[in-house]
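Structure record follows, encoded as structure tokens.
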Amino acid sequence: KYTEKLCSFLGWCLCFWFQHARGGVMAANTAAVSLESLFLQLLGRLDSTGRCASSTTTTSSLRRRSMRSEIQSLELWRAVIGECLATFFYVFLVCGAHVSWPGYAEPSVLAIALTSGAAAATLVQGYGHISGAHMNPAVTLATFATRKVSPIRTVLYVSAQCGGAIAGAALLYGVSVPGHQSSLGSNRPHEALGAWQAFGVEFVLSFLLASTVFATRDPNRSHLGAGSDAVVIGFAYLACTLAGLPATGGSMNPARSLGPAFVMNKWVDHWVYWFGPISGGLLAGLIYEYIFETKKHARALKKTLEDADKETTLSEPPPVARHDVNLLPRPHASSNESFATMSSCGKSAKFQPRELRRASTSSSHRSSVLGKRSRPLDTINVLHLVP
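Just so we're aligned: the sequence shown equals residues -23 to -1, 1 to 364 in mature numbering (1 follows the signal peptide of the UniProt record, and there is no 0).
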């Protein structure tokens, strides 16, 4: 109210100035109205801007509070420690399968792939309820892109995974026989492949792996049983490692490639093992979240079935009405006609319904008892189909 009065006062002051300066009353009134409306619009915009700024400040403060409470929670740090340990054991086992020992043959592709799959299944089963057992920055970033984890958790997970991978590779280097560490399982593309070809291999394998992780951990999906997600993820690691080991080493995991590369100081085409898995995991997560998500698919399927039921109900014809059999008497006929009718009824009696046979029997009995010549009954079995 005070603002409106102030605007009116300023407007009439300007009107007075226009009136004495130009001597036009109509021009002064028009200018007063236009200036007053201009002031009101300006104040309204300032008010709306202040409200937007206050709402933005409130939202940012709520986000800061949620991030602060998440950082202070014990569950987050338990999950970070679990992720670090899971990645530590995974790198130690998988890279250890690449190390040769005196008196033993060189590790085969099948042995390395089996180690990768079994290690992944074991660690998912052991640490899945603590941190989710990502053990892979590509999977963590894909879950962040689909809004399943917070930004602070994503940063801490990736840091813990990289630190655990380096620690696992360093421990493996320390317990291996000197001179037999070879490359310690560090990844590099095959000599016949270019860097972009290796990128394509890692992209496809990581896409398949991330799709499997999202599918098995979908809360709206019916699982095969307890622990089935760990088994399926382990088989995904096994299959992808068998396919990609000759070409790129079958990493599908930037942390797994970072650990031995950092310890052995081998960085040949190392960017392939970061951009390939991360881009493949991001694409797989987005496709599953916005195309293959089972809850949305179930809602769409339910709606389709309901529409089909409605159309079927509307297109069905009404039920058929069946009328009972009527016994209709014929007009009085001669004796010959009556005898012919009775004989025909007697011949077809066994083909008549039970009610008709009872009716004909009772009528003949009454006629014999009374000794009269009764009027015969012609049985007509009519089935009326009324639409």
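Even for Gly, the Cβ is constructed at its ideal location relative to N, Cα and C.
Residue environment: alanine 213 is assigned as buried (16 or more neighbouring CB atoms within 10 Å of its CB, all protein chains considered).
Leucine 215 counts as buried, since at least 16 other C-beta atoms from the protein chains shown sit within 10 angstroms of its C-beta. Judged by DSSP in its simplified three-state form, isoleucine 268 adopts coil rather than helix or strand. Note that the C-beta distance between serine 234 and serine 188 is not below 9 angstroms.
Sixteen is the threshold: since fewer than 16 other Cβ atoms of the shown chains lie within 10 Å of the Cβ of phenylalanine 252, the residue is exposed. Beta-carbon to beta-carbon, threonine 225 and valine 209 are separated by about 23 angstroms, too far to satisfy the 8 angstroms threshold.
In the three-state DSSP reduction, glycine 226 falls in the coil class, being neither helix nor strand. The beta carbons of methionine 229 and glycine 221 sit closer together than 9 angstroms.
Taking one beta carbon from each stretch, the stretch 74 to 81 and the stretch 143 to 158 have 3 or more pairs nearer than 8 angstroms; the two touch.
With a beta-carbon spacing of about 7 angstroms, valine 86 and leucine 219 fall inside the 8 angstroms limit used to define contacts. With 16 or more other Cβ atoms from the protein chains shown falling within 10 Å of its own Cβ, arginine 130 counts as buried. Non-local C-beta neighbours of isoleucine 143 in its own chain, meaning closer than 8 angstroms and more than five positions away in sequence, comprise Leu235, Gly236, Phe239 and Val240, ordered along the chain.
DSSP, reduced to helix, strand and coil, places methionine 44 within a helical segment of the structure shown. Straight across, the Cα-Cα distance linking histidine 111 with alanine 56 is about 11 angstroms.
Contact between phenylalanine 191 and glycine 141 is absent: CB atoms are separated by about 23 angstroms, not below the 8 angstroms threshold. Beta-carbon to beta-carbon, glutamate 47 and serine 127 are separated by about 6 angstroms, close enough to satisfy the 8 angstroms threshold. Taking 9 angstroms as the cut-off, the beta carbon of alanine 207 is found no closer than this to the beta carbon of threonine 123.
Excluding sequence positions up to five before and after leucine 161, its CB lies within less than 8 angstroms of the CB of Cys72, His75, Val76, Ala146, Leu149, Tyr150, Ser153, Pro237, Val240 and Met241, all in the same chain and listed in chain order. The criterion of a C-beta distance shorter than 9 angstroms is not satisfied by cysteine 139 and proline 254. Within the stretch 82 to 117, no run of beta strand (DSSP E) at least 3 residues long lies entirely inside it. In the three-state DSSP reduction, valine 240 falls in the helix class (H, G or I). The Cβ atoms of serine 108 and serine 183 do not sit closer than 9 angstroms to each other. Per DSSP, alanine 56 is one residue of the alpha helix (DSSP H) stretching across 51 to 73. Inclusion of leucine 118 and valine 135 in the CB contact set at 9 angstroms is warranted, their separation being smaller than that value. Around the beta-carbon of proline 223, fewer than 16 other beta-carbon atoms lie within 10 Å, marking it exposed.
Glycine 21 places its beta carbon 9 angstroms or farther from that of valine 116.
Contact between phenylalanine 176 and valine 249 holds, since their C-beta atoms are separated by about 5 angstroms, short of 8 angstroms.
Apart from sequence neighbours up to five positions away, the residues of its chain that approach glycine 262 with a beta-carbon distance below 7 angstroms are Ala119, Thr120, Ala122, Thr123, Ala187 and Phe191, ordered along the chain.
Pairing glutamate 270 with leucine 185, the inter-Cα distance amounts to about 16 angstroms. Straight through space, the alpha carbons of aspartate 195 and isoleucine 264 are spaced by roughly 14 angstroms.
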